[in-house]
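Single-structure report; data block below.
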Amino acid sequence: MLSNIEGGLDYKTLVLPTAVDPILYVTHRTYRRKNPIPEFFKHWNSRTYLNRASIHRPISPTFTFACLHGLSTIMAPKNRAAYLEAKMSPKLVVRSAPYTSAKAGQIVIKNHALAINPLEWLIQERGNIMFGWLKYPFVLGADNAGEVVEVGPGVTRFKIGDRVLGHCAGTSEPINDSAQGGFQEYTVLLEHMSTPIPESISYERACVLPLGLSTAVCGLFQTDQLSLPLPTSPARKPTGKTLLIWGGSTSVGVNAIQLAISAGYEVITTCSPRNYELVKSLGACGAFDYNSPTVVADIVRAFNSANRISGGAMSIGQGAATKCIDVLSQVQGDKFLSMASYPVPQVLPKHFGAAYTIWTFLTGMVEIWFKSKMNGVKFGTIIASTLIDNGVGKKIYEGYLEKALEMGDLKPFPEPLVVGKGLEFVQEAMDRQKKGVSAKKVVVLL
1 MLSNIEGGLD
11 YKTLVLPTAV
21 DPILYVTHRT
31 YRRKNPIPEF
41 FKHWNSRTYL
51 NRASIHRPIS
61 PTFTFACLHG
71 LSTIMAPKNR
81 AAYLEAKMSP
91 KLVVRSAPYT
101 SAKAGQIVIK
111 NHALAINPLE
121 WLIQERGNIM
131 FGWLKYPFVL
141 GADNAGEVVE
151 VGPGVTRFKI
161 GDRVLGHCAG
171 TSEPINDSAQ
181 GGFQEYTVLL
191 EHMSTPIPES
201 ISYERACVLP
211 LGLSTAVCGL
221 FQTDQLSLPL
231 PTSPARKPTG
241 KTLLIWGGST
251 SVGVNAIQLA
261 ISAGYEVITT
271 CSPRNYELVK
281 SLGACGAFDY
291 NSPTVVADIV
301 RAFNSANRIS
311 GGAMSIGQGA
321 ATKCIDVLSQ
331 VQGDKFLSMA
341 SYPVPQVLPK
351 HFGAAYTIWT
361 FLTGMVEIWF
371 KSKMNGVKFG
381 TIIASTLIDN
391 GVGKKIYEGY
401 LEKALEMGDL
411 KPFPEPLVVG
421 KGLEFVQEAM
431 DRQKKGVSAK
441 KVVVLL
């Protein structure tokens, strides 16, 4: 590299008064080669000079900082990422990737663990039916935990070396940025969508939280959804209302249970019988088998026999929305359903997969709309990325989550299922998630 610097370097002719001056000299030459901007020298004293034959120590400390910052840019860490190279590529490709520095309101973390969501393999398998703005190659991934290596201008909540978890916002349409994708060694995170990790929580446990938590937060607290009062740590006083969460052992469900309780609500949920103990340990007062043919009648009985007042419902999983509507139509109280899952096929036919997905989605949504109208129930669909810009995400990730994790009022669930260490295992992890997991979240360590 030194031979490519403007004018080259001849150490025999240099006068180097201090140990930092070789750094300043190399940085100066490199910077001048790439950025011949006079403003770079605005902090110099007019009597100082720098040429190929000698180097005088600059008077301004600001210039010294500028030189060191320039050198740090030149010597940025080497990054690698697992790229989705093209639309519907069957395998991710692990290769070198740019290291992107933090801008205002951002941090950069060195990832130590990442988690897999259904969203990632759906994008890989089915193209851009819902994410038409993505430009390939692209780095997917939403759930990460790691160590802060850089903070952007104006960032005050974090410092280098902090352990954090964050919701990676790369696939969000307004952002649309691979640098903010999770499947890489260094990821740019938004400060207000990140939270410190207590020392008692490992990286592999912390990374299971972000997208499941964000989805639950959208459904529970956004004004266009259930619009519950924001959670607190310790929990709010009981409101006297009961929330139905269909799919309580999922990554969204385990967070929704805990958040609703922190907001002052009682929770009734559904899951498989083997997960009853889990959801009750998180605070659910009742758990019902979602596969039971009498599950709707059983839940209605649990509400009405105890004179419970509905606070609404959240549906997670295929077929959950219509069953929640059946319950809400037969109990007293709020009749609003927040849908975390969409009616999309889990298995595609060999041909016309995109058309089949669109047809299934449209017919499913028409069925839900018609049933809700017939039963006096309103519903809304959750898009987790909306909380990035509407202020709700900031209130949770900055105002609630750190204390809740420290106090144990919100526990990081589901349990991590580690499939390997290294970006080379991300594709295997996505394939494992696609096969289905129960009360687990697939994780890759880095």
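Residue 1 is where the sequence shown starts when you use full-length UniProt numbering, and the numbers rise one by one after that. All C-beta atoms in this analysis are idealised placements derived from N, C-alpha and C, irrespective of residue type, glycine included.
According to DSSP, simplified to helix, strand and coil, what is residue i?
{"i": "M88", "result": "coil"}
{"i": "I383", "result": "coil"}
{"i": "R432", "result": "helix"}
{"i": "I396", "result": "helix"}
{"i": "R236", "result": "coil"}
{"i": "K441", "result": "strand"}
{"i": "R95", "result": "strand"}
{"i": "Q301", "result": "Note on identity: in this sequence residue 301 is Arg, with Gln being the wrong assignment. Three-state result, R301: helix."}
{"i": "G212", "result": "helix"}
{"i": "Y136", "result": "coil"}
{"i": "Y83", "result": "strand"}
{"i": "Q222", "result": "coil"}
{"i": "V426", "result": "helix"}
{"i": "P118", "result": "helix"}
{"i": "A142", "result": "coil"}
{"i": "S310", "result": "strand"}
{"i": "K241", "result": "strand"}
{"i": "T48", "result": "Any reading at T48 needs caution, since the residue's pLDDT is 42, under 50, leaving its predicted position unreliable; the model's value is listed next. T48: coil per DSSP, three-state reduction."}
{"i": "I368", "result": "helix"}
From residue i to residue j, what does the alpha carbon distance come to, in whole angstroms?
{"i": "Q124", "j": "K87", "result": "7 Å"}
{"i": "V108", "j": "T187", "result": "6 Å"}
{"i": "G380", "j": "C207", "result": "27 Å"}
{"i": "E191", "j": "G105", "result": "6 Å"}
{"i": "F370", "j": "P349", "result": "27 Å"}
{"i": "S172", "j": "Q180", "result": "10 Å"}
{"i": "A313", "j": "A97", "result": "43 Å"}
{"i": "K411", "j": "L405", "result": "6 Å"}
{"i": "S194", "j": "G364", "result": "35 Å"}
{"i": "H167", "j": "V295", "result": "34 Å"}
{"i": "G264", "j": "G240", "result": "8 Å"}
{"i": "Y400", "j": "G311", "result": "22 Å"}
{"i": "L165", "j": "I197", "result": "6 Å"}
{"i": "I299", "j": "S329", "result": "12 Å"}
{"i": "K440", "j": "K237", "result": "31 Å"}
Got a sec? Which residues, its chain only, sit under 7 Å from residue i by beta carbon, not counting five neighbours each side?
{"i": "N304", "result": "V331"}
{"i": "G161", "result": "E147 and V148"}
{"i": "V426", "result": "A82, L92, F183 and V444"}
{"i": "I257", "result": "I245, G248, V267, T269, V279, L282, G283 and A284"}
{"i": "I316", "result": "W246, G247, T250, V252, G253, A340 and S341"}
{"i": "I309", "result": "G240, K241, T242, Q332 and G333"}
{"i": "V418", "result": "E204, V443 and L445"}
Excluding the 5 residues flanking residue i on each side, which residues of the same chain have their C-beta closer than 6 Å to its C-beta?
{"i": "P137", "result": "Y83 and E85"}
{"i": "G212", "result": "S251, V252 and N255"}
{"i": "Y290", "result": "T270"}
Go through its chain and collect everything with a Cβ distance to residue i's Cβ below 8 Å, but skip five positions before and after it.
{"i": "K431", "result": "According to the sequence displayed, residue 431 carries Asp and not Lys. Around D431: W121."}
{"i": "L387", "result": "S214, V217, C218, Q222, G393 and I396"}
{"i": "G420", "result": "E428, A429, V444 and L445"}
{"i": "T357", "result": "R126, I129, V344, P345 and L348"}
{"i": "L114", "result": "G141, D143, N144, A145, G182, F183, C207, V426, V443, V444 and L446"}
{"i": "R80", "result": "V94, R95, S96, A97, Q184, E185 and L423"}
{"i": "E367", "result": "T322 and P343"}
{"i": "L337", "result": "G312, A313, M314, S315, A321, C324, I325, L328, S372, V377, K378, F379 and G380"}
Per DSSP, what are the beta-bridge partners of residue i in this structure?
{"i": "C271", "result": "D289"}
{"i": "A284", "result": "Bridge partners of A284: none, in fact."}
{"i": "W246", "result": "T270 and S315"}
{"i": "K421", "result": "L445"}
{"i": "Q106", "result": "L190"}
{"i": "A113", "result": "A145 and L445"}
{"i": "E150", "result": "V108"}
{"i": "E415", "result": "K440"}
{"i": "residue 474", "result": "Residue 474 lies beyond the range of the chain shown here (1 to 446); nothing can be said about it."}
Tell me whether residue i, by its Cβ, gets closer than 8 Å to a heavy atom of the ligand NAD.
{"i": "D409", "result": "The ligand NAD is absent from the structure shown, which contains no ligands of any kind."}
Sequence ranges, alpha helix (DSSP H) only - wholly within the region 315-365, length at least 4:
If you keep only unbroken alpha helix (DSSP H) runs of at least 4 residues inside the region 315-365, you get 320-328.
May I have a chain-ordered list of the beta strand (DSSP E) segments no shorter than 3 residues that lie completely inside the region 159-215?
If one requires a minimum length of 3 residues, the beta strand (DSSP E) runs lying completely within the region 159-215 are 163-167, 186-190 and 194-196, in chain order.
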